[in-house]
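K.L.:
Structure incoming, see below.
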Amino acid sequence: MNPGNHHPRDADNTREMIGGYASGNLSPQEQEKLFDAALHDQHLFDALMDEQALKDLLDQPGVKAELLEALGPKPTRWSRLRHWLTSPAAYAAAGALATAVVLIVVTVRQPASRRPQYQRPASPPAAADREAAVVVKPNAAPPDAALNALSKPQATIPQSKPMQSPRQAEPPLDQLSGKQEQAARRDDTQQSPSANAPAGGVVGGVIGGVAPAPAPPVPEQPLSFSYTLLRRDPEGRYSPVTTPTFTPADSLRFEVTPNTDGALSLYIRNEAGLETPVLKGLPLSRGQTAAVPPSGSFSAAAGSTQLVLVFRRRQTASDSRELAPQAFRQRVRGAVEKDRAEPPAAAVGAPSSRVSAPSPAAREVSVEIAIRAGAN
Amino acid sequence: MSAVRTEIRRGEHNPLPVDDLPLPDPRLNPAELAERNQRLSHLKAALHTLGERCRRLVRYKLEGKSFPEIQALFEISSINTIYTWDFRCRKQLLEALGGRWEARP
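If you read the protein sequences in the order shown, they are chains A and B. Note that the first sequence ends on residue 376 in the working numbering; no numbers are left out. Note that the second sequence ends on residue 1105 in the working numbering; no numbers are left out.
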């Protein structure tokens, strides 16, 4: 206790309680303490008497309400909003709004962006599915049965007779030589669906959810075409080959007539096995006789040369690609291949012949004509 | 006879008419009402001169909150601090009113 202080600590606190007397905020104990202190302190007693006037005013009905209204400033919209934002209700509303926005965004965007890619299960596909798939399989099927008959070397060119007699079954892909294997791959891609269908499912499947195209109707008539080898005479006119003698300077041309609409390609394979496309994907109409090539001619290099004519029922993508030199598979040995024991002058067979596919389902038929040209 | 004596003893023998003895009106008379309004307006003006803490403290007091409750609202550890603040705010308000709670005549 500080002796120099007129108002001990307890008395100071008591004096400070006087502010609660007029507004009625003192508890009964505090009020009793204040009154008790006032009895012993004249200054405190006088102060209490002065507070009585304010107490009388505040005790009147309605005064406190008017003072409260005067104390609080009129809340603005921003102050009320700010007050609401700090309340728990605002947090609950914000959380609900954020959840709703997230759900809407996820629901709207998911079907467009996260649609899973449909991948067909590995099941036995239909015929059309096999056409769409990229399958490399050995060809051991009958479509080449008729063409197999031409694999045997023959001394003469058949005389306008359809080559439909079966030939030996071609060896599986893994038994072919390197060049033959690569040539087989090209042809295998164009095989009919029934020839190349794998045992179970499509290799690689069909990705993208594309519905398989329906299988094309099987034509009644097998694919076939007739061809005639022409040579330009000194007068500049092309006429069927009558003699088996060729020279590298001879200008040669084919004349082809298919029995259905399709595309024709001509390739030349030299002794080294290098194949050069002369013509790719020439569209032909049924019964149309076309010159191959349509303009100009080709010539045979000295030595053995194999001319390969390939006719497809409709033009495919492989015709537009740059074929590897060994992309062919030797499907048919031309019936015009000469006996090698004879002198270098080429022995070419009959000027014309006809090639037919063994079955109506075959989409491609080809013939390989071996010729020889002596040095000039 | 006993009833008469009881009535006389209770002072009920000479009743006065009500109209002759009007009851006091608890409401303020016009003069008192005018004085009240004047004091109230002075007090309102003085309250606007206080700082934000004093205004907030006076608001809590007018709302009927006790000092411990006011202490909790201000988040003050010592109640003596509230007493001190109240004493100072009261002193400022009194100075704004001219040193007297009553309006000068």
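Ideal Cβ positions, reconstructed from N, Cα and C, are used throughout, including at glycine. The model shown is predicted, which means the values in this text are computed figures rather than measured ones.
Considering only their Cβ atoms, is the gap separating Leu229/A from Leu252/A smaller than 8 Å?
P.N.:
Yes, they are a contact pair.
K.L.:
According to DSSP, Gly303/A sits in a beta bridge with which residue or residues?
P.N.:
Note: Gly303/A sits in a beta bridge opposite Ala373/A.
K.L.:
Can you find the residues in the same chain that come closer than 8 Å, C-beta to C-beta, to Leu26/A, ignoring five residues on each side of it along the sequence?
P.N.:
Cβ within range, chain order: Met17, Gly20, Leu34.
K.L.:
On the CB-based measure, 16 or more other CB atoms within 10 Å of its CB, does Arg15/A come out buried or exposed?
P.N.:
Label assigned to Arg15/A: buried.
K.L.:
Helix or strand or just coil, what does DSSP make of Ile268/A?
P.N.:
If DSSP states are grouped into helix, strand and coil, Ile268/A belongs with the strands.
K.L.:
Can a CB atom of chain C be found closer than 8 Å to the CB of Glu1063/B?
P.N.:
Here chain C cannot be found, since the structure's protein chains are A and B.
K.L.:
Are the beta-carbon atoms of Gly236/A and Arg314/A separated by less than 8 Å?
P.N.:
No, the pair does not count as a contact, with Cβ atoms beyond the cut-off.
K.L.:
Going by DSSP in three states, Ser366/A sits in which element: helix, strand or coil?
P.N.:
DSSP places Ser366/A in strand when its eight states are reduced to three.
K.L.:
Relative to the alpha-carbon of Asn13/A, which residue among Leu1050/B, Phe1067/B, Val1004/B has its alpha-carbon at the smallest distance?
P.N.:
Minimum Cα distance to Asn13/A is reached at Phe1067/B.
K.L.:
Please report the straight-line C-alpha distance between Ala70/A and Lys1044/B, rounded to a whole angstrom.
P.N.:
Rounded to whole angstroms, Ala70/A to Lys1044/B spans 6 Å at the Cα level.
K.L.:
Would you call the CB atoms of Val292/A and Glu368/A closer than 8 Å?
P.N.:
No, these two residues do not count as a Cβ contact at 8 Å.
K.L.:
For Thr276/A, which residues from the same chain have a beta carbon less than 6 Å from its beta carbon, with the 5 sequence-adjacent residues on both sides left out?
P.N.:
Contacts found: Ile268.
K.L.:
Classify Lys280/A as helix, strand or coil using the three-state DSSP reduction.
P.N.:
The answer is strand: DSSP assigns Lys280/A an E or B state.
K.L.:
Within 10 angstroms of the Cβ of Lys1091/B, are there 16 or more other Cβ atoms? Answer buried if so, exposed if not.
P.N.:
So Lys1091/B ends up on the exposed side.
K.L.:
List the residues of chain B that Ala90/A touches, going by C-beta distances under 7 Å, in chain order.
P.N.:
The contacting residues do not exist; Ala90/A stays about 22 Å from chain B at best.
K.L.:
Under a CB-based cut-off of 8 Å, is Asn1080/B close to chain A?
P.N.:
So, interface residue.
K.L.:
Below 7 Å CB to CB, which residues in the same chain sit around Val63/A once its five sequence neighbours on both sides are set aside?
P.N.:
Closer than 7 Å at Cβ, skipping near neighbours: Leu57.
K.L.:
Quick one: which unbroken alpha helix (DSSP H) runs of 4-plus residues sit fully inside the region 224-251 of chain A? Chain order, please.
P.N.:
The region 224-251 of chain A contains no whole alpha helix (DSSP H) run of 4 or more residues.
K.L.:
What separation, rounded to the nearest whole angstrom, lies between the Cα atoms of Gly72/A and Asp36/A?
P.N.:
Those two C-alpha atoms are separated by around 35 Å.
K.L.:
Sort Tyr1083/B, Cys1089/B, Ser1078/B, Leu1023/B by Cα distance to Glu1052/B and report the nearest one.
P.N.:
It is Cys1089/B whose Cα lies nearest to the Cα of Glu1052/B.
K.L.:
Check whether the Cβ of Glu66/A lies closer than 8 Å to any Cβ atom in chain B.
P.N.:
Glu66/A counts as touching chain B.
K.L.:
For a cutoff of 8 Å on Cβ pairs, would you count Thr1049/B as touching chain A?
P.N.:
So, not an interface residue.
K.L.:
What's the C-alpha gap between Asn270/A and Ser304/A?
P.N.:
So the two alpha carbons sit approximately 6 Å from each other.
K.L.:
When you compare only the Cα positions, how much space is there between Ala301/A and Val278/A?
P.N.:
One C-alpha to the other measures close to 14 Å.
K.L.:
What does DSSP give as the partner residues of Ala290/A in its beta bridges?
P.N.:
According to DSSP, which records beta bridges pairwise, Ala290/A is partnered with Val256/A.
K.L.:
In angstroms with no decimal places, state the Cα-to-Cα distance between Glu1012/B and Asp1025/B.
P.N.:
Those two C-alpha atoms are separated by around 25 Å.
K.L.:
DSSP on Arg1009/B, reduced to helix/strand/coil?
P.N.:
Of the three classes helix, strand and coil, the one that applies to Arg1009/B here is helix, per DSSP.
K.L.:
Which stretch, first to last residue, makes up the beta strand (DSSP E) that contains Ser353/A?
P.N.:
Taken as a continuous stretch (DSSP letters only), the beta strand (DSSP E) holding Ser353/A covers 352-356.
K.L.:
Hey, would you say Glu51/A sits closer than 8 Å to Ala22/A, going by beta carbons?
P.N.:
In this structure, Ala22/A lies closer than 8 Å to Glu51/A by Cβ.
K.L.:
Determine whether the Cβ of Met17/A lies closer than 8 Å to any Cβ atom of chain B.
P.N.:
By this cut-off, Met17/A is an interface position.
K.L.:
Return the CA-CA distance between Ser356/A and Ser297/A, expressed in angstroms with no decimal places.
P.N.:
In a straight line, the C-alpha of Ser356/A is about 25 Å away from that of Ser297/A.
K.L.:
With H, G and I counted as helix, E and B as strand and the rest as coil, what does DSSP make of Gly20/A?
P.N.:
Gly20/A: helix per DSSP, three-state reduction.
K.L.:
Which value, in whole angstroms, describes the spacing of the CA atoms of Ile1082/B and Glu1102/B?
P.N.:
When rounded, the distance between both Cα atoms is 26 Å.
K.L.:
I need the straight-line Cα distance from Arg231/A to Lys280/A, nearest angstrom please.
P.N.:
So the two alpha carbons sit approximately 21 Å from each other.
K.L.:
Quick check: Val256/A and Ala290/A, are their CB atoms within less than 8 Å of each other?
P.N.:
Yes, the pair counts as a contact, with Cβ atoms nearer than the cut-off.
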